[in-house]
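For the sequence shown, this note's numbering gives the first residue as 7, with consecutive numbering after it.
Every residue gets a Cβ at the ideal spot worked out from N, C-alpha and C, and that includes glycine.
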Amino acid sequence: MIDIFDGFTVNIFYDENDKDFVANFVELPLVSAFGSTPDKALQELKMAWEGVKQSHINQGEQVPTSPLKKSYSGQFNVRIDKRLHKALAIEACQAHVSLNALVAQKLANESYSS
């Protein structure tokens, strides 16, 4: 299957005010298009996306990449309140796990409970 939207998630909805269907990217909500049917809105979004990519290329900028197409290291830094940091460190110590393991577990639990 050809991925005409380069991995970006497409959202389509009917706009009651404009009486048109709107198609846009979830990850790039400013890239959008309108049409009288969902298919026409998708066709317009395809043209808009091609225009966005060409504009980036013409300006010497990198074309946006979908989060689905990127590779991740599994590491990121988060700044939190020092009191929360301390509380998490104490909880990790009491659970006999590293702070990283505790935070990863909490994030995983939160992600799957939503």
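Quick one: using the 10 Å Cβ neighbour count with 16 as the cut-off for buried, is residue i buried or exposed?
i: A95; result: exposed
i: F31; result: buried
i: A47; result: buried
i: L113; result: exposed
i: L51; result: buried
Tell me the DSSP secondary structure of residue i in three-state form.
i: D21; result: strand
i: V6; result: The chain is shown from 7 up to 120; residue 6 falls before or after that span and cannot be answered.
i: S117; result: helix
So, at 7 Å on beta carbons, what are the nonlocal neighbours of residue i in its own chain, with the 5 sequence-adjacent residues on each side left out?
i: F82; result: none
i: V37; result: N30, F31, A54, W55, V58
i: T15; result: F31, V32, E33
i: P73; result: E33
i: A101; result: L108
i: G13; result: S72, L74, K75
For residue i, which residues in the same chain have their Cβ closer than 6 Å to its Cβ, ignoring the five residues on either side in sequence?
i: I10; result: K52
i: D21; result: V28
i: F19; result: V28
Item to check | Those runs of the alpha helix (DSSP H) which lie wholly inside the segment 17–100 and span at least 4 residues | outcome: Correct list: 44–64, 88–100.
Checklist entry - Does the count of Cβ pairs from the segment 39–46 and the segment 20–31 closer than 8 Å reach three? => result Result yes; three or more Cβ-Cβ pairs closer than 8 Å.
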